[in-house]
Amino acid sequence: MILNMGPQHPSTHGVLRVLLEIDGETVVRLMPDIGYLHTGIEKTCEAKFYQQVVPLTDRIDYLCPMTNNLCYVLAVEKLLGLEIPPKAQWVRVLMNELTRINSHLVWLGTHALDIGAMTVFLYCFREREEILRLFEAVSGQRMMTSYFRIGGLALEPPLDFFDRVRTFAGYFPDRVDEYENLLTGNPIWMMRTKGVARMTAEDAIGLCASGPTLRGSGVDIDLRRDMPYSSYEKFKFNVPVRQEGDVFARYLCRVAELRESIGIVRQALDGMPEGPVKANAPGIVLPDREKMKTQMEALIYHFKIITEGFAVPAGEVYQAVESPRGEMGYYVVSDGTAKPYRVHMRAACLANLQTLPKMCEGGLIADVVAAIGSIDIVLGEIDR
Amino acid sequence: MPLAPAISDLEQLKGHPAVAKLLAWNPGSVTGVKFDRDEMTIYVDRSSVREACALLRDDAECAFNFLSDLTCVDWFPAEPRFEVVYHLLSIPKKERVRLKVKLDGASPVVDSVTPVWPGANYFEREVFDLFGIRFSGHPYLRRLLMPEDWEGHPLRKDYPVEGYR
Numbered sequence: 001m002i003l004n005m006g007p008q009h010p011s012t013h014g015v016l017r018v019l020l021e022i023d024g025e026t027v028v029r030l031m032p033d034i035g036y037l038h039t040g041i042e043k044t045c046e047a048k049f050y051q052q053v054v055p056l057t058d059r060i061d062y063l064c065p066m067t068n069n070l071c072y073v074l075a076v077e078k079l080l081g082l083e084i085p086p087k088a089q090w091v092r093v094l095m096n097e098l099t100r101i102n103s104h105l106v107w108l109g110t111h112a113l114d115i116g117a118m119t120v121f122l123y124c125f126r127e128r129e130e131i132l133r134l135f136e137a138v139s140g141q142r143m144m145t146s147y148f149r150i151g152g153l154a155l156e157p158p159l160d161f162f163d164r165v166r167t168f169a170g171y172f173p174d175r176v177d178e179y180e181n182l183l184t185g186n187p188i189w190m191m192r193t194k195g196v197a198r199m200t201a202e203d204a205i206g207l208c209a210s211g212p213t214l215r216g217s218g219v220d221i222d223l224r225r226d227m228p229y230s231s232y233e234k235f236k237f238n239v240p241v242r243q244e245g246d247v248f249a250r251y252l253c254r255v256a257e258l259r260e261s262i263g264i265v266r267q268a269l270d271g272m273p274e275g276p277v278k279a280n281a282p283g284i285v286l287p288d289r290e291k292m293k294t295q296m297e298a299l300i301y302h303f304k305i306i307t308e309g310f311a312v313p314a315g316e317v318y319q320a321v322e323s324p325r326g327e328m329g330y331y332v333v334s335d336g337t338a339k340p341y342r343v344h345m346r347a348a349c350l351a352n353l354q355t356l357p358k359m360c361e362g363g364l365i366a367d368v369v370a371a372i373g374s375i376d377i378v379l380g381e382i383d384r
Numbered sequence: 385m386p387l388a389p390a391i392s393d394l395e396q397l398k399g400h401p402a403v404a405k406l407l408a409w410n411p412g413s414v415t416g417v418k419f420d421r422d423e424m425t426i427y428v429d430r431s432s433v434r435e436a437c438a439l440l441r442d443d444a445e446c447a448f449n450f451l452s453d454l455t456c457v458d459w460f461p462a463e464p465r466f467e468v469v470y471h472l473l474s475i476p477k478k479e480r481v482r483l484k485v486k487l488d489g490a491s492p493v494v495d496s497v498t499p500v501w502p503g504a505n506y507f508e509r510e511v512f513d514l515f516g517i518r519f520s521g522h523p524y525l526r527r528l529l530m531p532e533d534w535e536g537h538p539l540r541k542d543y544p545v546e547g548y549r
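First to last, the sequence lines map onto chains A and G. With our numbering, letter number 152 in the first sequence gets 152, and the count goes up by one each step, no holes. With our numbering, letter number 145 in the second sequence gets 529, and the count goes up by one each step, no holes.
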């Protein structure tokens with residue numbers, strides 16, 4: 001029998017459609033069907049100036065806007081050969097780890113909700129609300145932040161921002177204990193997740209999986225540690241790896257990442273360097289408002305950047321960062337003009353989604369929901 | 385930090401393990417190299433891309449065992465028009481290399497790398513969908529993102545950004 005699941009199904013995290021060929025309760029064959037959210041962002045990028053692409057990148061993966069911003073600006077900065085001041089790099093790391101926590105909280109809440117644990121969702125969204133308020137404080141937006149710019153940050157963080165983050169970092173580990181109290185030792189949770197939707201390391205690598213989906217199968221790779229960017233090499237953190245390769249292992253990896261991320265946030269607060277948050281590159285970085293009103297050159301640069309952009313030397317760059325879901329990569333090709341010739345996003349979820357048939361075939365229908373939750377998909381990123 | 389000039393001389397770059405491996409296997413398989421912005425690009429002959437990927441994956445010294453990304457760039461109206469781009473990552477060595485295959489606009493066909501990495505499946509379907517490049521040996525080459533009955537390939541440069549109305 002063929003069973004159609006989605007695209008409007010509450011546990012498919014968006015508009016994923018899954019075709020299930022079933023024999024009784026057993027899944028014989030599974031086929032994801034995607035494309036319902038395709039908006040042609042890659043094509044749109046080719047018609048915009050380099051700096052105009054930044055707000056588009058938020059819309060790709062709406063749960064980790066800062067990671068998308070970071071990956072894109074790093075790629076363009078690499079094309080330009082631009083040096084970023086240390087404070088901007090550290091704030092980027094700080095914001096990225098908050099984004100990771102934010103994204104993992106949505107994942108944990110909805111994943112638990114899918115499996116039937118309602119309370120966790122409410123707890124997770126309580127903490128997520130505080131992170132969204134922090135985002136609003138720095139960028140004016142709760143979700144589509146567009147806070148990073150080519151050459152640094154949009155603005156200095158507000159004065160009380162670091163104190164608010166410190167307060168959050170103070171109580172957050174206790175909140176993770178609360179989630180774990182509800183789930184990790186819970187017999188129902190363990191029965192629904194342990195040994196379910198298994199995947200071996202070879203399969204995971206062959207299917208191009210990355211992030212916690214890959215680390216849950218015992219492959220020890222994290223781009224923050226192994227190929228550091230934006231001064232991640234100056235931070236100390238562990239990379240949680242589990243050998244079991246089931247839903248429970250992926251759950252444990254992500255929960256452990258919550259704790260590691262808050263550790264990175266604390267280190268970033270303690271070691272935050274002083275200095276500017278924008279690179280000294282007048283033709284590329286927009287001048288401060290104050291200078292625009294008093295200096296002729298600043299006004300001219302502002303006018304030129306807004307009206308005709310800035311030319312980027314011809315070449316190509318592939319920049320990858322560790323997003324909450326895995327390896328997010330931006331491949332940017334420049335032909336020497338002010339508009340990117342080609343921008344391609346390597347969507348971690350698109351590759352991770354391919355592991356779903358491997359995980360579910362031979363299992364039960366009820367476990368499909370657990371498996372979809374455990375790979376943490378965002379359809380906006382898959383379809384772009 | 386001024387940019388260092390790109391190196392595209394095969395003599396200077398043949399010491400790179402991936403280039404050396406491919407040259408030792410089949411000197412005709414490498415049609416060019418480029419080292420720019422700390423990134424290594426190897427232009428591979430269209431007929432040998434699948435074997436080249438399998439070789440780089442299995443070789444102990446290279447160990448490019450992970451396909452990070454597969455995409456395409458359209459250089460319309462230049463010929464050969466398309467460049468299919470493979471980004472490989474070595475998980476043990478923590479290194480990347482980029483392979484490129486040039487295809488002409490009249491018959492853009494290349495061997496599928498799904499036998500090497502099953503995960504290339506969606507990437508190749510996406511490229512087929514948006515660029516119209518066919519991958520021979522692909523198990524299920526259908527449109528991935530656009531509707532089944534869509535006409536044209538939107539990411540081609542001769543396809544207008546606003547679409548056809």
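Built from N, CA and C at the ideal position, the CB exists for glycine as well.
Whole runs of the beta strand (DSSP E) within the region 399-482 of chain G, excluding any shorter than 3 residues: 414-420, 423-428, 450-458, 466-474
Same chain only: Cβ atoms within 7 Å of G/Asp-420, ignoring 5 sequence neighbours per side: Ala-390
For G/Pro-544, count the other beta carbons within 10 Å of its own beta carbon; 16 or more makes it buried, fewer makes it exposed. Which is it? exposed
Per-residue burial, G/Glu-510 [other beta carbons within 10 Å of its own, 16 or more giving buried]: buried
Would you say G/Thr-455 faces chain A, with C-beta separation under 7 Å as the test? yes
A/Thr-99: first and last residue of the uninterrupted alpha helix (DSSP H) it sits in: 86-115
What residue does the alpha helix (DSSP H) around G/Tyr-506 start on, and which one ends it? 504-515
Cβ shell of A/Asp-158 (< 6 Å), same chain only, five flanking positions each side left out: Note that residue 158 of chain A is Pro in the sequence shown, not Asp. Here the set comprises Ala-137.
Under a three-way DSSP split, which group does A/Lys-236 fall into? coil
State yes or no: is the beta carbon of G/Pro-411 nearer than 7 Å to at least one beta carbon in chain A? no
A/Gln-89 classed as buried or exposed, judged by whether at least 16 other C-beta atoms fall within 10 angstroms: Looking at its Cβ environment, which holds 16 or more other Cβ atoms inside 10 Å, A/Gln-89 is buried.
Bridge partners - A/Gln-386, DSSP secondary structure assignment: Residue 386 of chain A lies beyond the residue range present for chain A, which begins at 1 and ends at 384; the question has no answer from this structure.
Proximity test, Cβ basis, 7 Å: G/Val-545 and chain A: Contacts with chain A at 7 Å (Cβ-Cβ) include G/Val-545.
Anything in the region 39-53 of chain A with a Cβ closer than 9 Å to a Cβ of chain G? List those residues in chain order, please. Gly-40, Glu-42, Lys-43, Thr-44, Glu-46, Ala-47
Using C-beta distances below 7 Å, list every residue in its chain close to G/Asp-542, excluding the 5 sequence neighbours before and after it, in chain order. Phe-460
Using a threshold of 6 Å, is the CB atom of A/Met-227 nearer than that to any non-hydrogen atom of the ligand SAH? For the ligand SAH, the structure offers nothing, since it holds no ligand at all.
For a contact defined as C-beta to C-beta under 9 Å, what are the partners of A/Ala-320 on chain G? Around A/Ala-320, the beta-carbon contacts reaching into chain G at under 9 Å are Ser-452, Asp-453, His-471, Leu-473, Arg-480.
I need the DSSP call for A/Met-31, collapsed to helix, strand or coil. strand
Contact between the region 498-510 of chain G and the region 206-222 of chain A: three or more CB pairs below 8 Å? The region 498-510 of chain G is in contact with the region 206-222 of chain A.
Should the region 55-65 of chain A be called in touch with the region 287-297 of chain A, which here means at least 3 C-beta pairs below 8 Å? Short answer: they don't touch.
By the criterion of Cβ-Cβ separation under 9 Å, what are the contact partners of G/Arg-421 in chain D? In the displayed structure, chain D is absent; the protein chains listed are A and G.
Going by other Cβ atoms of all chains shown within 10 Å of its Cβ, with 16 needed for buried, is G/Tyr-548 buried or exposed? By the neighbour-count rule (16 or more Cβ atoms within 10 Å), G/Tyr-548 is not buried but exposed.
Nearest to A/Val-333 (by Cα), restricted to the options A/Ser-323, A/Ala-311, A/Ile-300: Cα-wise, what sits closest to A/Val-333 is A/Ala-311.
Whole-number beta carbon distance between G/Lys-405 and G/Leu-440, since they are thought to touch under 8 Å: 7 Å
By alpha-carbon positions, which one of G/Leu-529, G/Arg-527, G/Tyr-470, G/Arg-480 ends up nearest to G/Arg-430? G/Tyr-470
So which residues on chain A does G/Tyr-506 lean against when the C-beta distance must stay under 8 Å? Contact note: G/Tyr-506 reaches chain A through Leu-350, Ala-351, Leu-353, Gln-354, using a C-beta cutoff of 8 Å and chain order.
Here's the rule I'm using: 16 or more other beta-carbon atoms within 10 Å means buried, otherwise exposed. How should A/Lys-236 be labelled? exposed
Nearest candidate by alpha-carbon position, reference A/Arg-289, set A/Glu-274, A/Gly-283, A/Leu-299, A/Asn-280: When only C-alpha atoms are compared, the closest one is A/Leu-299.
For a contact meaning CB atoms closer than 8 Å, what does G/Leu-528 contact in chain A? Ile-34, Gly-35, listed in chain order.
In terms of DSSP beta bridges, what is G/Val-494 paired with? G/Phe-519
Rounded to whole angstroms, what is the Cα-Cα separation between A/Phe-135 and A/Arg-266? 17 Å
At the level of alpha carbons, what is the spacing between A/Met-191 and A/Thr-184? 11 Å
Tell me A/Thr-26's beta-bridge partners as DSSP assigns them. A/Asp-23, A/Leu-364
Determine which residues of the region 267-286 of chain A have a Cβ less than 7 Å from any Cβ of chain G, and write them out in chain order. none
Just verifying my parser: in three-state terms, what is the DSSP assignment at A/Ile-2? Strand, per DSSP.
Can you name the start and end residues of the alpha helix (DSSP H) that A/Met-191 belongs to? Going by DSSP, A/Met-191 is part of the alpha helix (DSSP H) stretching over 187-193.
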